[in-house]
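S.K.: One structure, pasted below without further comment.
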Amino acid sequence: MPSQFFGLTIAGSGLRASNAALNTTANNIANEQTKGYSRQEVTQQASDALRTFTTYGCAGAGVDTIAIERVRDGFYDVKYWNNNCKYGNYSVKQYYMKTIEDYFKDDGSVGTSGFKTIFDNMSAALQSVTTNSSSTTSKAQFISTAKSLTDYFNNMYGNLQELQKDINLEIKQNVDQINSIAEKLSTLNKQINVIEMSGSRANELRDQREVLIDELSEIVDVDITEHDILDSSGGKTGGTRYIVKIGGGQTLVDANDYNNLTYVARASDEKLNLTDADGLYNIKWENGNDFSLANASLNGKLKGLYELCYGNDKANFSGTVKSVDETRNEVTVSITDDKLKNLKESMLCKAGGEITIGNVKYLYTDWSFDEATNTYTFQLSNDTARSPKITAGMFGKSVRTSEKVAYQGIPYYMQQMNTWIRGFAEKVNEIFNAGTNAYGDSGAANKGNILFTGYDNVSGKQYTLDELMKGTAQNGYGGYYLLTAGNFSINEALLSEYGGDADLLGTRSSDKVGVEECEQVKEVITMLTSKEKFSFRNASANQMLELILSDIALNASNANTFQKTYEGLKTSIDNQRSSVSGVDKDEEAVSLVKYQNSYTLASKMIQTLTEIYDQLILNTGV
Numbered sequence: 035m036p037s038q039f040f041g042l043t044i045a046g047s048g049l050r051a052s053n054a055a056l057n058t059t060a061n062n063i064a065n066e067q068t069k070g071y072s073r074q075e076v077t078q079q080a081s082d083a084l085r086t087f088t089t090y091g092c093a094g095a096g097v098d099t100i101a102i103e104r105v106r107d108g109f110y111d112v113k114y115w116n117n118n119c120k121y122g123n124y125s126v127k128q129y130y131m132k133t134i135e136d137y138f139k140d141d142g143s144v145g146t147s148g149f150k151t152i153f154d155n156m157s158a159a160l161q162s163v164t165t166n167s168s169s170t171t172s173k174a175q176f177i178s179t180a181k182s183l184t185d186y187f188n189n190m191y192g193n194l195q196e197l198q199k200d201i202n203l204e205i206k207q208n209v210d211q212i213n214s215i216a217e218k219l220s221t222l223n224k225q226i227n228v229i230e231m232s233g234s235r236a237n238e239l240r241d242q243r244e245v246l247i248d249e250l251s252e253i254v255d256v257d258i259t260e261h262d263i264l265d266s267s268g269g270k271t272g273g274t275r276y277i278v279k280i281g282g283g284q285t286l287v288d289a290n291d292y293n294n295l296t297y298v299a300r301a302s303d304e305k306l307n308l309t310d311a312d313g314l315y316n317i318k319w320e321n322g323n324d325f326s327l328a329n330a331s332l333n334g335k336l337k338g339l340y341e342l343c344y345g346n347d348k349a350n351f352s353g354t355v356k357s358v359d360e361t362r363n364e365v366t367v368s369i370t371d372d373k374l375k376n377l378k379e380s381m382l383c384k385a386g387g388e389i390t391i392g393n394v395k396y397l398y399t400d401w402s403f404d405e406a407t408n409t410y411t412f413q414l415s416n417d418t419a420r421s422p423k424i425t426a427g428m429f430g431k432s433v434r435t436s437e438k439v440a441y442q443g444i445p446y447y448m449q450q451m452n453t454w455i456r457g458f459a460e461k462v463n464e465i466f467n468a469g470t471n472a473y474g475d476s477g478a479a480n481k482g483n484i485l486f487t488g489y490d491n492v493s494g495k496q497y498t499l500d501e502l503m504k505g506t507a508q509n510g511y512g513g514y515y516l517l518t519a520g521n522f523s524i525n526e527a528l529l530s531e532y533g534g535d536a537d538l539l540g541t542r543s544s545d546k547v548g549v550e551e552c553e554q555v556k557e558v559i560t561m562l563t564s565k566e567k568f569s570f571r572n573a574s575a576n577q578m579l580e581l582i583l584s585d586i587a588l589n590a591s592n593a594n595t596f597q598k599t600y601e602g603l604k605t606s607i608d609n610q611r612s613s614v615s616g617v618d619k620d621e622e623a624v625s626l627v628k629y630q631n632s633y634t635l636a637s638k639m640i641q642t643l644t645e646i647y648d649q650l651i652l653n654t655g656v
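Each residue of the sequence shown is one higher than the one before, starting from 35 at the first, in the numbering used here.
See the structure below:
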């Protein structure tokens, strides 16, 4: 049977429960503006009743405060994280595609120096030559405008490479941020388990952990699991094993342990594409395992940056090992892709690069193409410390220089410029070299007086016509492959600033003199606007910018559209999440009044019982 004074115990439990609820409400109000804070509430239940074995049954024993719990719905967290990684992907694409678009944009206004303006100036200068083909001044003016065209591509190449370096640096910064978050998550996991294994709830620490996951999910996709830690008898210890996986299932954090990512700059002979900037990073786990940025499951900022940095629109080199020469350390690769048969579209590195055979990475120092058999022969590096020796067992294995990245990133736009330059330069040189210069030189005598050429990156010398045309039939580069937007230039023999002579250009169709003798110039003028004479993506030479800009505009528009879409969804999902876990001042004000009344009533009950017990003791002597 309960004591006569048991009512005080019941009233005291109510007082303590109301006090806990009031304190929790105060904490909620105080943290209304705290990022990531989850509203908390007190969980109460009736105390175990006393078994009195009387006619009226069990006697109530008051209220127990079980726990102070976060109000949180994991469904909205997962929904937010899945959307956030998509937002991160398109947010970086939107920024960088806008920058690329600004580089290429040319509205033809006064003071602009874009492709259209420069190309039109060159066309106008060519027309001036037709009025007097014997005028050195008019030819020099045309050559000057042609140099403006090569300078344009040089500048564009430099801008895109610098942008690629910026993206590469941002990849590094994001990797550093991932590592920092992983370390913090590991520390929080340890602290949470220390608290919760002692019987308390680490609400604030759990909030901090999920704020970190919010940040991480914008950089890379996340997969979160949490399991109870059991003791030897299978009972719960109160602790949990919190696991964070990224990049399609690769473990970043496992309870108190975490894995670091590292970045290693590629050497100049480890490039994937001809025009790649020096020092692009390979991302690896600290244990040496690859962290594949090409993983289809990867998302977030890291995925967007990777596609911008390496996006080749699936135009990478790929083939199958046809033969192996172990003595010469050479491997011959057969190809079927028509694009790979046209060296004007090639992205292979001349000075050396990286090639993957099967799943093993090798370094190659040189290569050649046999047009007759549609095969490439790669001379592999003899540096066995960096590149393994080849074996006969490689026969039939797949070969690629890089992953097929289905996005039009910087390598794609570089390749588009290179393809146009190589074809355009070859056609213009072909026309002028079929002509006669002011000194009557034609054919072989005029062979060295090409208009367009390029600089060798090693020697610094300009390529000759023979070097540019080397091996167009077989066993060489050919097809003006050596020209890129970065080394594209005018033959110094024609430029006055290098002591050259504009009269060396073969503008005439014969050795006859006179203003009417400018057939080669007229042929070039026709070529500029006729896709029958020169075609780039089934369009004429002067339409190059329109074609590239259409690609850029589409990608920029898509990035902008998706960024806005996922940003809107991010806000909407966050509002849904906040509606459950966020602090509402009006709701807390109602709770404040409710718990205040409960506290007041419990106090009143104690006061009442005290008066009763005073009367009982003082007046009855009980």
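Using N, Cα and C, we set each Cβ at its ideal position, and we do this for glycine too.
Alpha carbon to alpha carbon, how far is N227 from E75?
M.R.: Cα to Cα, the separation comes out at about 21 Å.
S.K.: Going by DSSP in three states, Q207 sits in which element: helix, strand or coil?
M.R.: Looking at Q207 - three-state DSSP - the assignment turns out to be helix.
S.K.: From the DSSP output, in three-state form, read off T151 for me.
M.R.: If DSSP states are grouped into helix, strand and coil, T151 belongs with the helices.
S.K.: Please report how far the alpha carbon of T654 lies from the alpha carbon of D648, in whole angstroms.
M.R.: If I take the Cα positions, the gap works out to 10 Å.
S.K.: Is the Cβ-Cβ distance between V614 and V105 less than 8 Å?
M.R.: Taking 8 Å as the Cβ cut-off, V614 and V105 qualify as a contacting pair.
S.K.: Would K378 and Y514 be called neighbours here (beta carbons separated by less than 8 Å)?
M.R.: Yes, the Cβ-Cβ distance between K378 and Y514 is below 8 Å.
S.K.: Taking the alpha carbon of L581 as the reference point, which residue from E645, T68, F149, K127 has its own alpha carbon closest?
M.R.: Checking every option, the nearest Cα to that of L581 belongs to F149.
S.K.: Locate the beta strand (DSSP E) running through A587, then write down its first and last residues.
M.R.: Segment 578-615 is the alpha helix (DSSP H) holding A587; no beta strand (DSSP E) there.
S.K.: Touch check for the stretch 601-613 and the stretch 103-118: three-plus C-beta pairs under 8 Å?
M.R.: A contact exists between the stretch 601-613 and the stretch 103-118.
S.K.: Taking three-plus beta-carbon pairs below 8 Å as touching, is the stretch 527-543 in contact with the stretch 432-443?
M.R.: The stretch 527-543, when compared against the stretch 432-443, does not touch it at the 8 Å Cβ threshold.
S.K.: With 16 other CB atoms within 10 Å as the buried threshold, where does R362 fall?
M.R.: Looking at its Cβ environment, which holds fewer than 16 other Cβ atoms inside 10 Å, R362 is exposed.
S.K.: Considering Cα atoms alone, identify which of F429, K495, V555, V209 is closest to S357.
M.R.: Ranking F429, K495, V555, V209 by Cα distance to S357 puts F429 first.
S.K.: Cβ of Y292 within 8 Å of Cβ of A216?
M.R.: Yes, Cβ-Cβ distance for Y292 and A216 is below 8 Å.
S.K.: Beta carbon of P445, beta carbon of G345: below 8 Å?
M.R.: Yes, these two residues count as a Cβ contact at 8 Å.
S.K.: Measure the CB-CB distance between A472 and Q554 and report whether it falls below 8 Å.
M.R.: Going by C-beta atoms, A472 is not nearer than 8 Å to Q554.
S.K.: So, are the CB atoms of F187 and I586 less than 8 Å apart?
M.R.: The answer is no: Cβ separation not under 8 Å.
S.K.: Could you tell me which whole beta strand (DSSP E) segments of length 3 or greater appear in the stretch 152-198?
M.R.: List check, beta strand (DSSP E) in window: nothing returned.
S.K.: Using three-state DSSP, classify Q442 as helix, strand or coil.
M.R.: Looking at Q442 - three-state DSSP - the assignment turns out to be coil, as it is neither helix nor strand.
S.K.: Note down the Cα distance separating D597 from S125, rounded to an integer number of angstroms.
M.R.: According to the sequence shown, residue 597 is Gln rather than Asp. Computed Cα separation, rounded: 5 Å.
S.K.: Does the count of Cβ pairs from the stretch 234-241 and the stretch 57-72 closer than 8 Å reach three?
M.R.: Enough Cβ pairs lie closer than 8 Å, so yes.
S.K.: In the structure shown, what three-state DSSP assignment does L308 receive?
M.R.: Reduced to three states, the DSSP call for L308 is coil.
S.K.: Tell me the rounded alpha-carbon separation between Q161 and G477.
M.R.: Using only the alpha carbons, I get a separation of about 24 Å.
S.K.: Can you tell me the Cα-Cα spacing of N202 and N118, whole angstroms?
M.R.: Straight-line Cα distance between these residues: approximately 22 Å.
S.K.: Quick check on the DSSP output: the alpha helix (DSSP H) that includes K649 runs from which residue to which?
M.R.: The question names Lys, but residue 649 is Gln in the sequence shown. Taken as a continuous stretch (DSSP letters only), the alpha helix (DSSP H) holding Q649 covers 619-654.
S.K.: Within its chain, find whatever has a CB closer than 6 Å to the CB of L42; leave out the 5 residues flanking it on each side and keep chain order.
M.R.: Only L643 meet the Cβ criterion.
S.K.: Excluding the 5 residues flanking S368 on each side, which residues of the same chain have their C-beta closer than 6 Å to its C-beta?
M.R.: Same-chain partners within the cutoff: G353, T354, K356, T409.
S.K.: Along the chain, where does the alpha helix (DSSP H) containing I280 start, and where does it finish?
M.R.: Not the alpha helix (DSSP H): I280 falls in the beta strand (DSSP E), residues 270-280.
S.K.: Measure the alpha-carbon distance for M448 versus A299 and round it to whole angstroms.
M.R.: If you take the alpha carbons of M448 and A299, they lie about 21 Å apart.
S.K.: Assign R243 to one of two classes, buried (16 or more other C-beta atoms within 10 Å of its C-beta) or exposed (fewer than that).
M.R.: Label assigned to R243: buried.
S.K.: From what residue to what residue does the beta strand (DSSP E) around Q496 run?
M.R.: Careful: Q496 lies outside any beta strand (DSSP E) and carries neither H nor E.
S.K.: Write down the C-beta distance between F522 and G488 rounded to the nearest angstrom, noting that I regard them as a contact closer than 8 Å.
M.R.: Right, their Cβ atoms sit about 6 Å apart.
S.K.: Using a threshold of 8 Å, state whether the C-beta atoms of T470 and N463 are closer than that.
M.R.: Not a contact, by the Cβ cut-off of 8 Å.
S.K.: So, does the CB of S402 fall closer than 8 Å to a CB anywhere in chain B?
M.R.: This model lacks chain B altogether; it includes just one protein chain.
S.K.: For D248, collect the residues of the same chain with a Cβ closer than 8 Å to its Cβ; drop the 5 residues on either side in sequence, then sort them by chain order.
M.R.: Same-chain partners within the cutoff: G70, Y114, W115, N118.
S.K.: Rounded to whole angstroms, what's the CA-CA distance from K556 to G482? Just pull it up for me.
M.R.: Using only the alpha carbons, I get a separation of about 21 Å.
S.K.: Along the chain, where does the alpha helix (DSSP H) containing K113 start, and where does it finish?
M.R.: Counting along the chain, the alpha helix (DSSP H) containing K113 begins and ends at 108-138.
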